[in-house]
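K.L.:
Taking this note's numbering, the leading residue of the sequence shown gets 273, the next gets one more, and so forth. Even glycine gets a Cβ: it sits at the ideal position worked out from N, Cα and C.
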Amino acid sequence: MSQSGLQRTLAAPVSVQGIGYWSDRDITVTFQPAEPDSGFVFVREDLTGKPRIPVSPEYRISIPRRTSLEKNGARVEMVEHILSALTGMQVDNCEIRVTGTEMPGMDGSALAFVEAFELVGYETQEVPARTLSLNVPLIQEEELQDRHCFVSAEPAEDLKIAFEIRYAHPASIGTQNAEFLLTPEIYRKEIAPCRTFVTRQEAEAFLSQGLAKRATFQDLLVFDESGLIGNSLRFPNECVRHKILDLIGDLALLKYRLHARIQAYCSGHELNAKLAGSILAQNQ
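The following block contains the structure:
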């Protein structure tokens, strides 16, 4: 793996099968090589006409707790882990063929997708990578319960992300920090394995709504006041690392390799999307 100045795609098609957390439905995702400058495009293989949904801020729709896209009534949900894996491994162009609406949760991380990419390898395309830089610093902020959340970006020569989360309840999550210079090697080792996390109260609320009925304690991290339930951590600060994983996926909507220093405090998908929008607006 290397940080090439040329675009990359996958060397061959590869498929991943799993279950959507929210829908409890089985789904197959097939990653196909794509032409230079085509970016990421989802294809709904299960729908008449196999509609295409380009990964772009204009097609993002607001659904709680996940990043989703919709074009002309065709929708894909919970795309952030897939987009994070592609972006983190420096894949610029990929056609993502899916057999349902919600992407598979796998073990709550992006590792299964990265491992699938490694089975087929990567192909360097003889076209310069599309990059995006900032002219001035940007920030998006919001008040959320007892926290002032923000995500900011400032000019830089590469992509560096610093993130902090703070949970008073459950205290077993607590305050966590992480900072990484994003390269494929660092993403593969330090970010891709980090899993989705929820509180026990949230998990019970989902079940009461008929959601996530097939999910187990092995499919994501569930915390109560006493600690992690029925699982073990891969990193002491795995939760905040997963927030970085999500942020990378949300910024994939930019369609460019971003050069910036990102700082975030308790940011989520909505705030991340607003930052992506302001970055694009600055560069228009």
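Could you tell me which uninterrupted beta strand (DSSP E) segments, each at least 3 residues in length, are contained entirely in the segment 476 to 502, listed from first to last along the chain?
P.N.:
Runs of the beta strand (DSSP E) inside the segment 476 to 502: 493 to 496.
K.L.:
To which residues of the same chain is G446 closer than 7 Å at the C-beta, ignoring the five residues directly before and after it?
P.N.:
Hits under 7 Å: Y439.
K.L.:
Nearest-angstrom Cα distance between A524 and T302?
P.N.:
When rounded, the distance between both Cα atoms is 19 Å.
K.L.:
With DSSP as the reference, please indicate the residues paired to C538 in a beta bridge.
P.N.:
DSSP output for C538 lists no bridge partner at all.
K.L.:
Tell me the DSSP bridge mates of S287?
P.N.:
DSSP, once it has assigned bridges, lists T302 as partnering S287.
K.L.:
Thinking just about the alpha-carbon of each residue, which of Q362, N449, R529, G345 is nearest to the one in A428?
P.N.:
When only C-alpha atoms are compared, the closest one is R529.
K.L.:
Hey, C466 and R513: beta-carbon distance below 8 Å or not?
P.N.:
Contact: yes.
K.L.:
DSSP state of C421, grouped into three classes?
P.N.:
It is a strand residue.
K.L.:
Please determine if the segment 362 to 376 and the segment 486 to 501 are in contact, where contact requires at least 3 C-beta pairs separated by less than 8 Å.
P.N.:
The answer is no - the segment 486 to 501 does not touch the segment 362 to 376, with fewer than three Cβ pairs under 8 Å.
K.L.:
If we require 3 or more residues per run, which beta strand (DSSP E) segments fall completely within the segment 390 to 440?
P.N.:
Complete beta strand (DSSP E) runs here, min 3: 394 to 400, 403 to 405, 410 to 416, 419 to 427, 431 to 439.
K.L.:
What does a CB cutoff of less than 6 Å around A357 pick up in its chain, not counting 5 residues either side in sequence?
P.N.:
These residues qualify, in order along the chain: A382, F385, V386.
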